[in-house]
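So the sequence lines, in the order shown, correspond to chains A and B.
Under our numbering, think of the first position of the first sequence as 27, with each following residue one higher.
Under our numbering, think of the first position of the second sequence as 4, with each following residue one higher.
Notes follow once the structure below has been shown.
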Amino acid sequence: AQKVTQAQTEISVVEKEDVTLDCVYETRDTTYYLFWYKQPPSGELVFLIRRNSFDEQNEISGRYSWNFQKSTSSFNFTITASQVVDSAVYFCALKVNNNNDMRFGAGTRLTVKP
Amino acid sequence: DAMVIQNPRYQVTQFGKPVTLSCSQTLNHNVMYWYQQKSSQAPKLLFHYYDKDFNNEADTPDNFQSRRPNTSFCFLDIRSPGLGDAAMYLCATSRGGISGNTEAFFGQGTRLTVV
Numbered sequence: 027a028q029k030v031t032q033a034q035t036e037i038s039v040v041e042k043e044d045v046t047l048d049c050v051y052e053t054r055d056t057t058y059y060l061f062w063y064k065q066p067p068s069g070e071l072v073f074l075i076r077r078n079s080f081d082e083q084n085e086i087s088g089r090y091s092w093n094f095q096k097s098t099s100s101f102n103f104t105i106t107a108s109q110v111v112d113s114a115v116y117f118c119a120l121k122v123n124n125n126n127d128m129r130f131g132a133g134t135r136l137t138v139k140p
Numbered sequence: 004d005a006m007v008i009q010n011p012r013y014q015v016t017q018f019g020k021p022v023t024l025s026c027s028q029t030l031n032h033n034v035m036y037w038y039q040q041k042s043s044q045a046p047k048l049l050f051h052y053y054d055k056d057f058n059n060e061a062d063t064p065d066n067f068q069s070r071r072p073n074t075s076f077c078f079l080d081i082r083s084p085g086l087g088d089a090a091m092y093l094c095a096t097s098r099g100g101i102s103g104n105t106e107a108f109f110g111q112g113t114r115l116t117v118v
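So this is what it looks like as structure tokens:
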């Protein structure tokens, strides 16, 4: 069975602080795919990144960076120099090979205060 | 332009009165999903279509049904809505295939209120 755990329910930071959102996953499949989505107050889930299990390279996209570590089954997301517009709920999700189901973690609500 | 469109954005229905939520897509994706998201919770997968193949989650109540008449449209039917069915319903699409190596694209959701 697949499972995604986001232990941080809520995080509050002040603008310009760096913040890391944790994601730990469980799967017995050797081929799987991890995702991060952002859900702003409007409700639409916005895709941020996909990472394949056989590619452990970290990725940076502007102020966003992701750290994928298979040894600890983690796929953490860091926002550098946070901004008020980053305030949203962030979800980590998992899909396994040969299966179209996407399983979400419980989400982390990030509030960035001015 | 929106690629996954859900109508209506807000739906109010009476307890026990059948209601249908609709979703359309312009991406020509072969997989369409329906998720239920209650307040402050993760989206919960109800079912998905891979082309015309319907895949129901084991814990999805029989009260929830779905139809996919063609690639572009998918409907969620709630036969007898209860107060516990009040939630945001999210439709998503993805390019399905042998691998799961594709992200899902979500609509803006339909917020269902049951009175």
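Backbone N, C-alpha and C fix where the C-beta goes; we use that ideal spot for every residue, glycine too.
Requested in this report: Answer with buried or exposed for leucine 79 (chain B), where buried requires no fewer than 16 other C-beta atoms within 10 angstroms of its C-beta.
Outcome: buried
Requested in this report: Look up threonine 53 (chain A) in the DSSP assignment and say whether it is helix, strand or coil.
Outcome: coil
Report task. Can you tell me which of B:Thr105, B:Val117 and B:Arg114 puts its alpha carbon nearest to the alpha carbon of asparagine 33 (chain B)? Result -> B:Thr105
Requested in this report: Using a Cβ-Cβ cut-off of less than 7 Å, list which residues of the segment 69 to 93 of chain A approach chain B; keep chain order.
Outcome: Gly69, Glu70, Leu71, Phe73, Arg76 and Asn78
**Report entry** asparagine 102 (chain A) at chain B interface by Cβ criterion, 8 Å
**Finding:** no
Query raised in the report: So, do the segment 17 to 32 of chain B and the segment 102 to 117 of chain A have three or more beta carbon pairs nearer to each other than 8 Å?
Result: no
Query raised in the report: Whose C-alpha, out of A:Ser100, A:Leu74 and A:Tyr51, is nearest the C-alpha of valine 115 (chain A)?
Result: A:Leu74
Requested in this report: Report the three-state DSSP secondary structure of valine 118 (chain B) (helix, strand or coil).
Outcome: coil
Query raised in the report: With 16 other CB atoms within 10 Å as the buried threshold, where does proline 72 (chain B) fall?
Result: exposed
Report task. Could you work out which residue in B:Phe57, B:Ile81 and B:Tyr13 is closest to lysine 20 (chain B) when comparing CA atoms only? Result -> B:Ile81
Query raised in the report: Taking only runs of the beta strand (DSSP E) that begin and end inside the segment 24 to 81 of chain B, which ones reach a length of at least 3 residues, in chain order?
Result: 34 to 40, 47 to 53, 56 to 59, 67 to 70 and 76 to 81
Query raised in the report: Taking the alpha carbon of phenylalanine 108 (chain B) as the point to measure from, which residue in B:Arg114, B:Asn58 and B:Leu93 has its own alpha carbon closest?
Result: B:Leu93
Query raised in the report: What are the boundary residues of the beta strand (DSSP E) that includes lysine 64 (chain A)?
Result: 58 to 65
Requested in this report: Report yes if the CB atom of methionine 91 (chain B) is closer than 8 Å to the CB atom of glycine 69 (chain A), and no otherwise.
Outcome: yes
Query raised in the report: With burial defined as no fewer than 16 other Cβ atoms inside 10 Å of the residue's Cβ, what is the status of tyrosine 59 (chain A): buried or exposed?
Result: buried
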